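Worksheet: one structure, shown below.
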Ligand code: AMP
Ligand code: GLY
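Below you can see the structure in the form of structure tokens.
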């Protein structure tokens with residue numbers, strides 16, 4: 145089989161790394177890929193923002209299966225176009241991806257299908273949002289409706305902060321694009337959990353759980369990012385709670401989408417808050433998480449290709465996944481300045497020494513291979529991942545590996561998985 149993976153991040157490096165292990169896969173192409181993916185797959189240039197360019201790549205490569213990594217091509221309808229051409233593709237249609245691309249859609253969907261989530265108000269104007277503030281206690285969460293790469297959520301402790309966030313979203317100063325809809329949400333507290341399931345439109349299979357660390361700074365301080373690190377252990381989700389999440393959140397979501405004639409195939413990412421009132425959905429993503437996928441696939445002990453193919457062909461009920469027991473951890477090294485502006489082009493050293501540490505895989509995110517050197521080329525640069533029998537050891541190996549790596553301005557959190565280790 146020839147596989148085309150669409151994307152350029154650490155998630156796609158992990159997907160390519162896992163797909164390569166399948167005896168059924170003999171060629172992988174990645175569009176556009178990155179400096180690390182280039183070492184294990186053929187990378188071809190492509191613009192993730194340009195549907196026609198992606199269709200051109202698919203036509204030129206003629207893969208047996210296309211796997212779409214990021215949300216942007218899903219939101220542009222890449223999967224719909226490939227299906228229309230009779231091609232096999234892993235990922236949801238544009239209509240199904242609405243679970244991620246519109247938070248207003250997702251909130252109303254959850255309400256229609258009795259899926260637990262925070263109280264909310266969808267507001268179409270700044271005035272409506274200001275008038276709705278009195279419905280909530282502080283802190284309140286102000287969210288952009290559309291895609292914002294993890295940066296469209298503002299937690300506001302005061303009315304003045306909320307007014308500023310609302311104004312910034314509607315006038316475009318916050319994200320650089322003018323929002324036409326803003327969602328206000330009740331602030332929830334608890335442990336976050338990323339619960340991902342594969343779906344063929346009807347059946348689901350859970351992946352191992354993971355916990356992301358969204359804030360830039362240690363102790364969960366500073367701005368939200370795409371994710372600064374993840375850990376995964378079996379202990380973070382017992383079988384009873386996993387079954388509850390399957391029966392009360394994941395399956396009702398898949399059933400609801402099917403009932404509304406927009407069946408969801410691909411990977412459904414349920415971003416949960418485990419509150420004192422029970423698990424509640426913070427957000428859906430219509431794709432693999434980044435960096436969750438790096439930590440999750442590091443633990444996978446079955447053939448990823450077989451599972452993705454089964455999803456694309458609507459026969460997931462014939463499949464099962466096996467996992468390595470123990471734990472994995474993934475620590476992100478980011479460019480100084482991220483999630484704001486930063487400088488690219490710094491040389492990265494120490495990658496080979498880091499890779500030699502037992503159980504370590506250094507996944508590349510924003511890197512480029514230029515003249516034989518690996519240079520920084522994005523906000524999140526590397527996802528240093530390790531597996532081990534215990535979370536302590538997985539973290540130790542990931543941080544030992546991080547200690548070997550250097551680039552100018554490199555920042556990373558030293559406390560990934562720290563709360564779980566203390567517990
Ligand atoms: P989202 O993109 O909606 O997942 O939001 C990004 C991050 O913001 C989440 O992972 C949480 O850390 C935080 N967040 C979002 N919604 C809420 C909420 N209602 N209460 C508390 N934190 C939230
Ligand atoms: N790590 C969070 C996300 O992929 O959206």
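In this note's numbering, the protein residues as written are 145 to 567. We put the beta carbon where it would ideally sit given N, CA and C, even for glycine. Nothing here was measured: the structure is a model prediction, and the numbers come from that model.
Would you call residue i buried or exposed, if buried means 16 or more other Cβ atoms sit within 10 Å of its Cβ?
i	result
residue 541	buried
residue 185	buried
residue 457	exposed
residue 278	exposed
residue 256	exposed
residue 357	buried
residue 167	exposed
residue 180	buried
residue 298	buried
residue 223	buried
residue 524	buried
residue 320	exposed
residue 325	buried
residue 532	buried
Following the continuous alpha helix (DSSP H) through residue i, name the residue where it begins and the one where it ends.
i	result
residue 396	395-403
residue 562	562-566
residue 424	Unbroken run through residue 424 is the beta strand (DSSP E), 422-429; no alpha helix (DSSP H).
residue 201	195-205
residue 314	303-315
residue 223	222-228
residue 217	215-219
Going by DSSP, what residues sit across from residue i in a beta bridge?
i	result
residue 467	444
residue 491	519
residue 550	493
residue 355	375
residue 147	172, 209
residue 508	526
residue 349	342
residue 555	478
Quick one: give me the first and last residue of the beta strand (DSSP E) that residue i is part of.
i	result
residue 342	335-344
residue 409	409-419
residue 361	359-361
residue 288	284-288
residue 366	365-368
residue 329	326-330
Near residue i, which residues of its chain fall below 6 Å by C-beta distance, leaving aside the five closest residues on each side in sequence?
i	result
residue 239	406
residue 435	154, 371, 374, 474, 476, 527
Just to confirm my understanding: we take residue i, look at its own chain, exclude 5 residues before and 5 after, and list those with CB closer than 7 Å. What are they?
i	result
residue 461	347
residue 366	359, 360
residue 446	465, 466
residue 251	261, 264, 266, 327
residue 494	548, 549, 550
*asked:* Considering only heavy atoms of the ligand AMP and the C-beta of each residue, which residues fall inside 5 Å, strictly closer?
replied: 262, 285, 297, 329, 331, 332, 358, 415, 426, 427
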